[in-house]
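Protein chains: 2
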Amino acid sequence: MARLSDIIEEFLKSLINKEQGAVEIQRNELANMFNCVPSQINYVISTRFTTDKGYYVESRRGGGGYISIKRINIESAGDYLMHIISSVGDKISQHTCEIFIKNFVDYDIIEEREAKLMKAATSDKVMTDVPLDKRDSARATILKNMLMSLTID
Amino acid sequence: MARLSDIIEEFLKSLINKEQGAVEIQRNELANMFNCVPSQINYVISTRFTTDKGYYVESRRGGGGYISIKRINIESAGDYLMHIISSVGDKISQHTCEIFIKNFVDYDIIEEREAKLMKAATSDKVMTDVPLDKRDSARATILKNMLMSLTID
DNA sequence: CTATTTGACTATCCCTGACTATTATAAATT
DNA sequence: AATTTATAATAGTCAGGGATAGTCAAATAG
Numbered sequence: 007m008a009r010l011s012d013i014i015e016e017f018l019k020s021l022i023n024k025e026q027g028a029v030e031i032q033r034n035e036l037a038n039m040f041n042c043v044p045s046q047i048n049y050v051i052s053t054r055f056t057t058d059k060g061y062y063v064e065s066r067r068g069g070g071g072y073i074s075i076k077r078i079n080i081e082s083a084g085d086y087l088m089h090i091i092s093s094v095g096d097k098i099s100q101h102t103c104e105i106f107i108k109n110f111v112d113y114d115i116i117e118e119r120e121a122k123l124m125k126a127a128t129s130d131k132v133m134t135d136v137p138l139d140k141r142d143s144a145r146a147t148i149l150k151n152m153l154m155s156l157t158i159d
Numbered sequence: 007m008a009r010l011s012d013i014i015e016e017f018l019k020s021l022i023n024k025e026q027g028a029v030e031i032q033r034n035e036l037a038n039m040f041n042c043v044p045s046q047i048n049y050v051i052s053t054r055f056t057t058d059k060g061y062y063v064e065s066r067r068g069g070g071g072y073i074s075i076k077r078i079n080i081e082s083a084g085d086y087l088m089h090i091i092s093s094v095g096d097k098i099s100q101h102t103c104e105i106f107i108k109n110f111v112d113y114d115i116i117e118e119r120e121a122k123l124m125k126a127a128t129s130d131k132v133m134t135d136v137p138l139d140k141r142d143s144a145r146a147t148i149l150k151n152m153l154m155s156l157t158i159d
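Okay, here's the thing in structure tokens:
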């Protein structure tokens with residue numbers, strides 16, 4: 007018996023296909039459709055529509071709130087970028103990260119200014135609120151999310 | 007999904023563009039136009055046309071009252087960035103952050119792609135390694151550091 | 001053990017309306 | 001004519017309600 011989360015995952019994926027790569031849903035509505043608690047939708051999204059798997063998720067609360075899921079555009083992504091995203095791993099040091107970013111510029115994946123932004127966002131300087139043992143992990147998350155954002159639209 | 011406040015915001019912004027940076031409206035008239043209570047106009051203005059976001063608002067009550075909204079005149083992008091950097095507090099929510107970033111695009115301070123990077127780097131999605139009570143603080147740090155990086159040649 | 005499911009609690013956003021504050025103008029008073 | 005008072009026409013404030021989504025940890029399933 008397929009678990010409910012798998013069913014919801016399939017439903018969303020086929021919806022994304024039908025809608026050319028992007029859907030906007032309402033959490034409660036979807037939960038209602040599948041007779042589950044709303045937070046299960048969060049579970050499905052956080053386990054199956056992650057950055058690593060090629061999805062970009064945004065949401066908003068309050069009246070008219072929504073959750074939007076976008077699939078990255080493989081065409082515009084470029085093999086190198088996709089390769090990087092999948093090869094960055096769960097952790098990355100500041101130094102390694104800077105080397106990556108420099109390479110992106112060399113390969114004309116990003117502009118100089120974009121490189122500045124990326125370095126600024128992944129610098130140890132901004133990690134003061136992150137526990138020491140999680141900084142390389144946080145850095146990898148930020149780096150990958152930034153790269154992923156460039157592959158959309 | 008179409009939040010009325012967003013629609014009113016867009017309406018005002020396009021009006022401001024058309025009128026070269028300044029508009030004068032009447033609260034009741036505008037409220038009437040959008041079938042909402044007058045105080046919603048205050049809500050829109052106080053959440054979207056603040057000083058920090060580059061707008062200057064004046065008003066007058068009584069007969070012939072009005073609300074005037076002016077876009078701040080920016081001499082240089084650098085000045086504006088410095089202004090923003092110093093006005094972003096120690097904490098910032100994801101949504102407020104997105105509004106800031108949207109404004110940078112409106113003001114031609116940054117490109118669309120740069121906006122994507124900044125949003126990606128300050129999204130709640132990347133804060134999983136940051137303790138909950140420190141996420142807004144971490145976000146503010148990242149945002150300011152990115153902005154700072156743009157002011158340097 | 002790991003993955004899933006659940007639900008109680010929290011956070012955020014928008015919209016509303018009752019009440020308040022201010023201003024201009026007309027009317028009344030001096 | 002000047003001043004004061006009353007009235008109408010605005011705009012501002014704030015707390016509350018409804019509509020969403022997020023988080024986390026306990027319970028359950030596989």
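Sequences listed follow chains A and B, in order. Note that the working numbering numbers the first sequence so that position 34 is 40, with each residue one more than the last. Note that the working numbering numbers the second sequence so that position 114 is 120, with each residue one more than the last. For glycine and all other residues, C-beta sits at the position ideal for the given N, C-alpha and C.
Backbone secondary structure at residue i - three-state DSSP
{"i": "Val178 (chain B)", "result": "One cannot answer for residue 178 (chain B) here, as it falls past the ends of chain B, which runs 7 to 159."}
{"i": "Thr102 (chain A)", "result": "helix"}
{"i": "Leu156 (chain B)", "result": "helix"}
{"i": "Ile148 (chain A)", "result": "helix"}
{"i": "Val136 (chain A)", "result": "coil"}
{"i": "Asp142 (chain B)", "result": "helix"}
{"i": "Asp130 (chain B)", "result": "helix"}
{"i": "Lys122 (chain A)", "result": "helix"}
{"i": "Lys97 (chain A)", "result": "coil"}
{"i": "Asp112 (chain B)", "result": "helix"}
{"i": "Glu117 (chain A)", "result": "coil"}
{"i": "Glu16 (chain B)", "result": "helix"}
Cβ of residue i within 8 angstroms of any chain A Cβ
{"i": "Ala144 (chain B)", "result": "yes"}
{"i": "Ser92 (chain B)", "result": "no"}
{"i": "Lys59 (chain B)", "result": "no"}
{"i": "Glu120 (chain B)", "result": "yes"}
{"i": "Met154 (chain B)", "result": "yes"}
{"i": "Val50 (chain B)", "result": "no"}
{"i": "Arg162 (chain B)", "result": "For chain B, the structure presents residues 7 to 159; residue 162 (chain B) sits outside this window and is missing."}
{"i": "Lys24 (chain B)", "result": "no"}
{"i": "Ser99 (chain B)", "result": "no"}
{"i": "Val43 (chain B)", "result": "no"}
{"i": "Leu87 (chain B)", "result": "no"}
Contact with chain B by residue i, beta-carbon distance below 8 angstroms
{"i": "Thr102 (chain A)", "result": "no"}
{"i": "Val63 (chain A)", "result": "yes"}
{"i": "Asp135 (chain A)", "result": "yes"}
{"i": "Ala126 (chain A)", "result": "yes"}
{"i": "Asn109 (chain A)", "result": "no"}
{"i": "Lys76 (chain A)", "result": "no"}
{"i": "Lys161 (chain A)", "result": "Outside the displayed range of chain A (7 to 159) lies residue 161 (chain A), so it cannot be described from this structure."}
{"i": "Thr147 (chain A)", "result": "yes"}
{"i": "Asn151 (chain A)", "result": "yes"}
{"i": "Ile21 (chain A)", "result": "Correcting the residue identity first, residue 21 (chain A) is Leu in this sequence and not Ile. Closer than 8 angstroms: no."}
{"i": "Gly27 (chain A)", "result": "no"}
{"i": "Gly69 (chain A)", "result": "yes"}
{"i": "Leu123 (chain A)", "result": "yes"}
Check your understanding: Which runs of the alpha helix (DSSP H) fall wholly inside the stretch 21 to 92 of chain B and span at least 4 residues, in chain order?
Key -> 33 to 39 and 44 to 54, all fully within the stretch 21 to 92 of chain B.
Check your understanding: Would the stretch 145 to 155 of chain A and the stretch 98 to 111 of chain A be scored as touching if the rule is three or more Cβ pairs under 8 angstroms?
Key -> Yes, they touch.
Check your understanding: For the 8 angstroms Cβ check, are there 3 or more pairs between the stretch 8 to 18 of chain A and the stretch 42 to 53 of chain A?
Key -> Output reads yes: the stretch 42 to 53 of chain A touches the stretch 8 to 18 of chain A.
Exercise for review: Check whether the stretch 117 to 132 of chain B touches the stretch 115 to 129 of chain A, taking contact to mean three or more Cβ pairs, one atom from each stretch, closer than 8 angstroms.
Suggested key: Inter-segment contact for the stretch 117 to 132 of chain B and the stretch 115 to 129 of chain A is present: three or more beta-carbon pairs are separated by less than 8 angstroms.
Point to revise | the stretch 15 to 32 of chain B touching the stretch 67 to 79 of chain B, judged by at least three CB pairs closer than 8 angstroms | key: In short, these stretches touch, since the Cβ pair count reaches three.
Review point. Okay, do the stretch 122 to 129 of chain B and the stretch 88 to 98 of chain A touch, 3+ Cβ pairs below 8 angstroms being the bar?
Key: Taking a contact to require three or more Cβ pairs closer than 8 angstroms, the stretch 122 to 129 of chain B and the stretch 88 to 98 of chain A do not qualify as touching.
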